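Top to bottom, those sequences are chains Z and Y.
The opening position of the first sequence corresponds to residue 38 in the working numbering, with each subsequent residue numbered one higher.
The opening position of the second sequence corresponds to residue 38 in the working numbering, with each subsequent residue numbered one higher.
Glycine included, each C-beta is placed from N, C-alpha and C at the ideal position.
Given the structure is predicted, the values throughout are model-derived calculations rather than measurements.
Number of protein chains: 2
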Amino acid sequence: MSTIKAGEDKMSKKQLIMDSALDLFAKQGFEATSVQQITDYCGISKGAFYLSFKSKDELIIALIDHFMEAFISDIDYIVKTTNNEELLYSFYYTNLQSFHKHSDFGKIFIKEQTHSLNQDLLGRIRYYNALMDSTILLMVERLYGEEITHIKYDLMYCIKSFVTMYSELFLFNNVVSLDLDLDLLAHSLVEKTNLLAKHTSIPFLTKEIIQVVSQTTDDKVKREQLLELLEQNIKEMDEPIIKESLILLKQQLLNPNLSPAIVAGLLENIQKNPHCKWVSYLLRHYFQI
Amino acid sequence: MSTIKAGEDKMSKKQLIMDSALDLFAKQGFEATSVQQITDYCGISKGAFYLSFKSKDELIIALIDHFMEAFISDIDYIVKTTNNEELLYSFYYTNLQSFHKHSDFGKIFIKEQTHSLNQDLLGRIRYYNALMDSTILLMVERLYGEEITHIKYDLMYCIKSFVTMYSELFLFNNVVSLDLDLDLLAHSLVEKTNLLAKHTSIPFLTKEIIQVVSQTTDDKVKREQLLELLEQNIKEMDEPIIKESLILLKQQLLNPNLSPAIVAGLLENIQKNPHCKWVSYLLRHYFQI
DNA sequence: TATACTAATGACTAACCGGTCATTTGTCAA
DNA sequence: TTGACAAATGACCGGTTAGTCATTAGTATA
Chain Z
38 MSTIKAGEDK MSKKQLIMDS ALDLFAKQGF EATSVQQITD YCGISKGAFY LSFKSKDELI
98 IALIDHFMEA FISDIDYIVK TTNNEELLYS FYYTNLQSFH KHSDFGKIFI KEQTHSLNQD
158 LLGRIRYYNA LMDSTILLMV ERLYGEEITH IKYDLMYCIK SFVTMYSELF LFNNVVSLDL
218 DLDLLAHSLV EKTNLLAKHT SIPFLTKEII QVVSQTTDDK VKREQLLELL EQNIKEMDEP
278 IIKESLILLK QQLLNPNLSP AIVAGLLENI QKNPHCKWVS YLLRHYFQI
Chain Y
38 MSTIKAGEDK MSKKQLIMDS ALDLFAKQGF EATSVQQITD YCGISKGAFY LSFKSKDELI
98 IALIDHFMEA FISDIDYIVK TTNNEELLYS FYYTNLQSFH KHSDFGKIFI KEQTHSLNQD
158 LLGRIRYYNA LMDSTILLMV ERLYGEEITH IKYDLMYCIK SFVTMYSELF LFNNVVSLDL
218 DLDLLAHSLV EKTNLLAKHT SIPFLTKEII QVVSQTTDDK VKREQLLELL EQNIKEMDEP
278 IIKESLILLK QQLLNPNLSP AIVAGLLENI QKNPHCKWVS YLLRHYFQI
């Protein structure tokens, strides 16, 4: 089957380009890295690059999507499934671990956050940030309940600050040389967060301010988009159990008749597969779980 | 005096360029702004630009120096002169106020922090960051004394995080539209900081990590450089009292025979003048006050 | 007015950029 | 071996950049 093989080749070439670009963007920044540099780096021609990506912008958006989808669905899954005693620690540890493991991407994401001029890309970054915000907010509400309602936005922002700033610490200063103890760091951030949650009395951030910042990109996941994504995942999936789970979830989307427990179980099944994390996250949101 | 007038003209032209560049860099970023754009913006020719600055890089370094010198000497003065009850509030309020007032510069500084490739510029930014770190550390030690020694680096980093993240909030999202209450924000950050200082028990940051990060740019201010800077300030100063204070301080540098109280008073005199803040800061450090 | 000198100009250079496309190379089935 | 088709190439295009420099404009003195 030449078409499939061609498809595979193209896929791996796309991956090759993305890997090289990740390296170079992290070192030099997106704008400072030329397409020529990328193609030299992975030993292909400039023309070949444009067979895989329509533009340089499409490449970085693909990178952002690739990592943020995995990142956010992981964190969201943790927030929604971990018991309260371990939740905060798991949240911090996973976050720090992700940034540490994918430090090249972390550098790119943080850099483009403040620097990018590309409106498409900026919108995408804001979108993922907003998703992360709402996940953290959900966690805060679960952890501390009603009595911290008046300071929940400040708490959310402090949590975000902690993750961002301590990540920057080891992203932009090769603290990698010192072996850093992420377990200890997570514990110390848990302590700080609990302190702030229990004793803070002066709120600053209001719903209004957060709304201005988050821009409320009202993005109800459209059923059609979800179906399309499911279809694609089904096509590319080899493992039979996960494939069947995906098919059943697709049917549930078209004609809801499965019990909540079954749907939850099917989502559990697919969550484990790296290629299904994102669709799992979107389905959780669609089914309001 | 044609030479002096020429000098003045050049100065004001330099200032004109810096003002225009500040605007454009904040909006578009340093690399995305061309020299042509800057010169068009302030109605001069491209050649004229290179009469004032040797390169585009020299321009942004001049901007960073200009603002960071004022910024750091202000904060350092506050930390060294304010009584403990008001200190933390003053620190936060002044910091936030500075970022708010000079939001254009704030944007540039934060952007270049993570993005810049220019090694000179990056070194300069790290240098000012290290100065700020040591000032915050001094404040922490003054405020909370010996008993927080084990967590002082974490506390310093949290304070820095608070300032940075809450400043970014109103720098990059035009929260200016909502009238933001910096007094309230400062109070809320004071509360958070005190909470962390009094109850944190798990340290993460160690002296070693901070040293790696700060790169310990061992920058004993050289007496000759200080004399040169003093000389320059004396030449440009009009106000007689400040001018005399500068002259006396210069003599003290060459031949120390004034009492500490007199030196302190002279430093008070010059601190008030915007053009002497930096030399005042450097002298305080040189005299170990 | 003539002279001398500095300030200011903008056309120009050399380099680099993202993106295109006519051409070549490689790989199949017939 | 041939023919057909897709994959890959890199010279090339139009555009932008930082920085230069021969030339001109402006001004103060003699």
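I need the straight-line Cα distance from E228 (chain Z) to L125 (chain Y), nearest angstrom please. 22 Å
Less than 7 Å between C-beta atoms, sequence neighbours within five positions excluded: which residues of the same chain meet that for Y114 (chain Y)? Q308
Pairwise C-alpha distance: N155 (chain Z) and D46 (chain Z): Residue confidence for D46 (chain Z) is low, a pLDDT of 45 falling below 50, so the modelled location carries little weight and cannot support an answer.
Name the chain Z residues whose beta carbon is nearer than 8 Å to that of V212 (chain Y)? I246, V249 and V250
Taking the alpha carbon of F142 (chain Y) as the reference point, which residue from Y:E184, Y:E95 and Y:F67 has its own alpha carbon closest? The option with the nearest alpha carbon to F142 (chain Y) is Y:F67.
Residues that T237 (chain Z) contacts on chain Y, provided the C-beta gap is smaller than 8 Å: S225, E228, K229 and L232
Applying a beta-carbon distance threshold of less than 8 Å, which residues of chain Z neighbour H152 (chain Y)? G66, K148, T151 and H152
DSSP three-state assignment for N310 (chain Z), whether helix, strand or coil: coil
How long is the line joining the alpha carbons of Y78 (chain Y) and S57 (chain Y), rounded to whole angstroms? 7 Å
Residue from Y:L219, Y:D191, Y:L285 and Y:Q289 with nearest C-alpha to T243 (chain Y): Y:D191
Cut-off 8 Å between Cβ atoms - residues of its own chain near I98 (chain Y), not counting five sequence neighbours on either side: D157, L158 and R161
Please state the DSSP three-state secondary structure of H187 (chain Y). helix
Under the three-state DSSP convention, the category S39 (chain Z) falls into: Here the model assigns S39 (chain Z) a pLDDT of 33, short of 50, so the residue's position is not dependable, and the following value carries that caveat. Note: S39 (chain Z) maps to helix in three-state DSSP.
Should K83 (chain Y) go down as buried or exposed, given a rule of 16 or more other Cβ atoms within 10 Å for buried? K83 (chain Y) is exposed by the Cβ-count criterion.
Starting from G84 (chain Y), trace the alpha helix (DSSP H) in both directions and tell me its first and last residue. K83 to S89
Can you give the Cα-Cα distance for K50 (chain Y) and H152 (chain Z), rounded to whole angstroms? 29 Å
Local conformation of V258 (chain Z) per DSSP, three classes: If DSSP states are grouped into helix, strand and coil, V258 (chain Z) belongs with coil.
Which two residues bound the contiguous alpha helix (DSSP H) that contains Q74 (chain Y)? V72 to Y78
First through last residue of the alpha helix (DSSP H) which encompasses G160 (chain Z): Unbroken alpha helix (DSSP H) run through G160 (chain Z): Q156 to Y181.
Do the CB positions of S71 (chain Y) and F199 (chain Z) come within less than 8 Å of each other? No. Outside cutoff.
Along the chain, where does the alpha helix (DSSP H) that runs through Q288 (chain Y) open and close? P277 to L291
Which value, in whole angstroms, describes the spacing of the CA atoms of I54 (chain Y) and F86 (chain Y)? 8 Å
Pick from Z:H224, Z:K314, Z:I173 and Z:Q325: whose alpha carbon is nearest that of E106 (chain Z)? Z:K314
Short check: CB of L222 (chain Y) to CB of F241 (chain Z), under 8 Å? yes
Using a Cβ-Cβ cut-off of 8 Å, state whether S198 (chain Z) counts as contacting chain Y. So yes, S198 (chain Z) belongs to the interface.
How would you call A234 (chain Y), buried or exposed, if buried means at least 16 neighbouring beta carbons within 10 angstroms? buried
Secondary structure at H139 (chain Y), three-state DSSP: helix, strand or coil? Coil.
Please list the partners that A69 (chain Z) has in chain Y, where partner means a Cβ-to-Cβ separation under 8 Å. E68 and L154
Considering only the alpha carbon of each residue, which of Z:L264, Z:L263 and Z:K148 lies closest to F209 (chain Z)? Z:K148
Can you check whether the CB of I326 (chain Z) is closer than 8 Å to the CB of A301 (chain Z)? yes
The region 165-181 of chain Y in contact with the region 171-186 of chain Z per 3-pair CB rule at 8 Å: no
Can you find the residues in the same chain that come closer than 8 Å, C-beta to C-beta, to L100 (chain Y), ignoring five residues on each side of it along the sequence? M55, A58, L59, F62, F142 and I145
Measuring only the C-alpha atoms, how far is L206 (chain Y) from K287 (chain Z)? 40 Å
Establish whether the CB of M105 (chain Y) and some CB of chain Z are separated by less than 8 Å. no
Would you say L264 (chain Z) and L290 (chain Z) are within 8 Å of each other, going by their C-beta atoms? yes
Just by C-beta distance, which residues in the region 82-97 of chain Z are closer than 8 Å to chain Y? none
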